[in-house]
Amino acid sequence: FQSKLPDVGTTIFTIMSQLATDHKAINLGQGFPDFNPDTELLDLVSNAMHQGHNQYPPMAGVPALREAISGKVQALYGHHYDSNTEITVTSGATEGLMASILAFVRSGDEVVLIEPFYDSYIPAIHLAGGIPVPVPLQAPTAERPCYQIDWERIRGAINSKTRMLIINFPHNPTGINLRESDLDELERIVDETGILILSDEAYEHIVFDGHQHQSLARRPALAANAVVISSFGKTYSATGWKIGYCCAPVALSSEIRKVHQFVVFTVSSPMQVALATYMQNPAPYLGLSAFYQKKRDRLFEGLKNTRLVPMPSQGTFFLLADYSAVSDLPEAEFARWLTTEHGVGVIPVSAFYRNPHAAESNHGLARFCFAKRDETLDAAMERLAAV
Ligand code: PMP
Ligand code: GLN
Numbered sequence: 003f004q005s006k007l008p009d010v011g012t013t014i015f016t017i018m019s020q021l022a023t024d025h026k027a028i029n030l031g032q033g034f035p036d037f038n039p040d041t042e043l044l045d046l047v048s049n050a051m052h053q054g055h056n057q058y059p060p061m062a063g064v065p066a067l068r069e070a071i072s073g074k075v076q077a078l079y080g081h082h083y084d085s086n087t088e089i090t091v092t093s094g095a096t097e098g099l100m101a102s103i104l105a106f107v108r109s110g111d112e113v114v115l116i117e118p119f120y121d122s123y124i125p126a127i128h129l130a131g132g133i134p135v136p137v138p139l140q141a142p143t144a145e146r147p148c149y150q151i152d153w154e155r156i157r158g159a160i161n162s163k164t165r166m167l168i169i170n171f172p173h174n175p176t177g178i179n180l181r182e183s184d185l186d187e188l189e190r191i192v193d194e195t196g197i198l199i200l201s202d203e204a205y206e207h208i209v210f211d212g213h214q215h216q217s218l219a220r221r222p223a224l225a226a227n228a229v230v231i232s233s234f235g236k237t238y239s240a241t242g243w244k245i246g247y248c249c250a251p252v253a254l255s256s257e258i259r260k261v262h263q264f265v266v267f268t269v270s271s272p273m274q275v276a277l278a279t280y281m282q283n284p285a286p287y288l289g290l291s292a293f294y295q296k297k298r299d300r301l302f303e304g305l306k307n308t309r310l311v312p313m314p315s316q317g318t319f320f321l322l323a324d325y326s327a328v329s330d331l332p333e334a335e336f337a338r339w340l341t342t343e344h345g346v347g348v349i350p351v352s353a354f355y356r357n358p359h360a361a362e363s364n365h366g367l368a369r370f371c372f373a374k375r376d377e378t379l380d381a382a383m384e385r386l387a388a389v
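Position 1 of the sequence shown, counting from 1, maps to 3 under full-length UniProt numbering, and the rest follow consecutively.
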């Protein structure tokens with residue numbers, strides 16, 4: 003038979019985590035915390051199970067959780083999503099992305115996305131029969147050490163066949179954020195083209211240096227044309243729970259739900275009940291940026307004692323480092339070598355490009371995850387100092 007996804011293998015995150023395990027390496031590759039969620043949240047899950055929340059919840063999610071999400075989004079970004087009709091609890095951000103792409107992208111539709119990009123977007127576009135149109139970020143320069151969004155090129159990539167623009171800020175893997183002026187750019191694009199935006203805001207609560215997350219929900223004209231997606235795995239250090247959500251106007255949400263109900267139908271009930279209660283206290287998500295900023299700084303400063311050169315990270319729990327003073331291997335080979343020979347697992351940034359092996363996708367960069375205990379980061383840096 004003919005594969006529907008001939009170019010897809012096992013994801014880089016699974017491959018690199020397995021390699022790290024096999025070689026007893028410290029895993030700074032795949033993005034997950036090496037510490038437990040808050041015990042209060044764990045107790046709430048256990049209580050919910052004992053209280054009998056163990057059967058199917060409603061298809062779109064537990065009402066109390068949808069209300070809590072609606073309240074949070076309204077408080078932080080000022081937009082009201084109706085919890086009955088405009089919020090859907092999904093099996094991680096991943097399922098929200100897949101359900102949205104399958105719901106809106108038709109055969110032959112073009113989907114513009116920013117390269118480097120998270121690895122689930124392109125296979126989802128292909129399954130929908132769509133055509134991915136990657137637009138590169140502007141690379142850093144000596145004067146401007148961060149990647150930048152090239153709005154001119156994004157605008158140029160949009161035409162009458164374009165169905166959707168996918169964005170992801172805070173950005174995995176580069177750690178750049180949207181600024182207010184970027185929301186202005188997006189508003190102009192939506193005004194001129196009426197394009198639908200899929201905004202992957204999985205790292206919405208991890209933004210550094212006093213900046214605020216620029217959710218599309220801050221602008222009514224964007225919220226009216228967007229699906230905004232988030233991940234409780236990132237926010238509450240529980241990536242294995244696989245719970246996230248999609249916010250979108252009712253006409254869009256009802257299409258997303260048509261897919262959602264036949265992909266998973268609904269999402270684990272005790273976790274949803276626990277999250278609904280836990281969300282009443284904003285302190286955990288409001289404090290997350292400060293918590294991770296310390297870890298970012300620890301890794302950034304520590305890497306200065308190595309031959310790897312860290313790049314600034316404005317958000318997410320990742321930073322990129324340039325290894326060109328150490329090796330001229332392509333990124334995938336370098337990541338493998340660092341894991342097997344020096345005991346530190348990382349992710350090659352080339353995995354976030356359409357053609358990972360092409361020369362133009364290899365810039366001598368590795369992605370490091372700092373969602374780790376300080377001891378883990380220190381032990382990794384000791385190993386890296388010897389590289
Ligand atoms: N989008 C981005 C940008 C991510 O980095 C991730 C995973 N870390 C996801 C989506 C998927 O999130 P989830 O685990 O909630 O499915
Ligand atoms: N999003 C996580 C990362 O970027 C990995 C998620 C996964 O393994 N699919 O590392």
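Quick reminder that beta carbons are idealized off the backbone N, C-alpha and C, glycines included.
Which first and last residues belong to the beta strand (DSSP E) in which residue i is found?
i    : result
F320 : F320 to D324
P138 : I133 to P138
I116 : E112 to E117
Would DSSP call residue i helix, strand or coil?
i           : result
M166        : strand
P125        : helix
P59         : coil
V64         : coil
G289        : coil
V311        : strand
D24         : helix
A228        : strand
Q216        : coil
L44         : helix
Q295        : helix
D202        : strand
E145        : coil
G304        : helix
Q150        : strand
V107        : coil
V328        : coil
G317        : strand
residue 398 : Outside the displayed range of the chain (3 to 389) lies residue 398, so it cannot be described from this structure.
V266        : coil
I160        : coil
S102        : helix
P222        : helix
S239        : coil
R356        : coil
F37         : coil
A130        : coil
T16         : helix
T341        : helix
N49         : helix
G80         : coil
F258        : Sequence check: residue 258 is Ile here, not Phe. Here I258 sits in helix by DSSP.
Contact defined as beta carbons within less than 8 Å: I believe residue i pairs with residue j. What is the distance between those atoms, to the nearest angstrom?
i    : j    : result
T90  : S255 : 6 Å
Y205 : T176 : Actually they do not touch by this definition, with Cβ atoms about 12 Å apart.
L200 : M166 : 6 Å
S271 : H55  : 5 Å
C249 : V230 : 5 Å
Provide the residue span of the alpha helix (DSSP H) that contains residue i, from first to last.
i    : result
L7   : Per DSSP, L7 belongs to no alpha helix (DSSP H) and is neither H nor E.
I191 : E182 to T195
S271 : S271 to Y280
E377 : D376 to A387
Just grab the DSSP bridge partners of residue i for me.
i    : result
R369 : L322 and I349
I89  : C249
S233 : G246
N29  : G347
V209 : G317
Item checked: Three-pair Cβ contact test at 8 Å for the region 24-33 versus the region 335-354 -> Below 8 Å, enough C-beta pairs join the region 24-33 and the region 335-354 to call them touching: three or more.
Check: So, do the region 217-232 and the region 178-186 have three or more beta carbon pairs nearer to each other than 8 Å?
Finding: yes
Margin query: Would the region 278-285 count as touching the region 98-113 if we require 3 or more Cβ pairs under 8 Å?
Written below: no
Check: Counting pairs of Cβ atoms below 8 Å between the region 114-125 and the region 282-294, do you hit three or more?
Finding: No: fewer than three Cβ pairs fall under 8 Å.
Next item on the list: Kindly confirm or deny that the region 75-93 and the region 54-66 touch, where touching means at least three C-beta pairs closer than 8 Å.
Entry: yes
Next item on the list: Inspect the CB distances between the region 199-216 and the region 286-295 and report whether three or more fall short of 8 Å.
Entry: yes
Check: Any contact of the region 125-144 with the region 74-88, i.e. 3+ C-beta pairs under 8 Å?
Finding: no
Notebook entry, point to check: Do the region 364-375 and the region 319-329 make contact, defined as three or more Cβ pairs closer than 8 Å?
Noted result: yes
Notebook entry, point to check: Any contact of the region 32-45 with the region 373-384, i.e. 3+ C-beta pairs under 8 Å?
Noted result: yes
Checklist line | Inter-stretch contact at 8 Å, needing at least 3 Cβ pairs: the region 37-52 / the region 230-247 | finding: yes
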